[in-house]
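Asker: With my numbering applied, the sequence shown corresponds to residues 1088 to 1266, in that order. All C-beta atoms in this analysis are idealised placements derived from N, C-alpha and C, irrespective of residue type, glycine included.
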Amino acid sequence: MKVLKEFTIPFVGLKIGKHHFEYKVEQSFFEHFEYEDFNDAHLEVAVEFEKKTTLLELHFKITGWVNVNCDVTNEPYNQTINNEFDLVVKFGEEYNDEYIDVLIVPHGTYEINIQQYIYELAILGVPVKRIHPGVEDGTLDSDILKKLEELSPKIKESKNTDEDIDPRWNTLKKLLTDK
């Protein structure tokens, strides 16, 4: 994976304390990762970078929308994304990213690239089941929805009478009333 330079933070020249970085992420960012589930994207990423003497702390906040296809009707719609993530960068002998929220980089490292974290944060901000808002509130007029309604099994309204009940269950009901 080729590194995108605009997502690289050179922290050696930064003073100890908090620093703020802002990024705009568009569809081309996801095309770089060869991710094709989004039709379009407009995200804003705010990174609060705190440099300490022995480690680095990063707080990511991503907001915006991505255009995805509904899982029910396949209609495109804008899904809002609002997600946050904290990352701690420590210095050690060798590079290690086994932990979810801790990154260990070798001593002498002078910059860190955050493109993978932004990518994962955006992907994980989208719900697993993507449903068009019009499907949920009933305002979407779609041929697919009409066909699904037509093919869905009809629920038969049963009369709660004893003649519809299997006689074997009547014996079991006596157990509930006998005490």
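#1: Given a cut-off of 8 Å on the beta-carbon distance, is the pair Pro1163 and Asn1170 in contact?
#2: Flag Tyr1110 as yes if its beta-carbon sits less than 8 Å from any beta-carbon of chain C, otherwise no.
#3: Could you compute how far the alpha carbon of Val1099 sits from the alpha carbon of Ile1231?
#4: Just the C-alpha distance for Leu1227 and Gly1212, rounded to the nearest angstrom, thanks.
#5: May I ask you to list the residues that DSSP assigns as paired with Asn1183?
#6: Beta carbon of Phe1125, beta carbon of Val1153: below 8 Å?
#7: Based on Cα-Cα distance, which residue from Phe1116, Lys1102 and His1129 lies nearest to Lys1092?
#8: Exposed or buried, His1106, counting other C-beta atoms within 10 Å across all chains shown (16 or more means buried)?
#9: Do you know how far the Cα of Glu1113 is from the Cα of Ile1218?
#10: His1146: which of Val1175, Glu1121, Glu1185 and Ala1128 sits nearest, CA to CA?
Answerer: Once the coordinates are examined:
#1: no
#2: Absence of chain C from the displayed structure is noted, only one protein chain being present.
#3: 56 Å
#4: 24 Å
#5: Ile1191
#6: yes
#7: Phe1116
#8: exposed
#9: 22 Å
#10: Val1175
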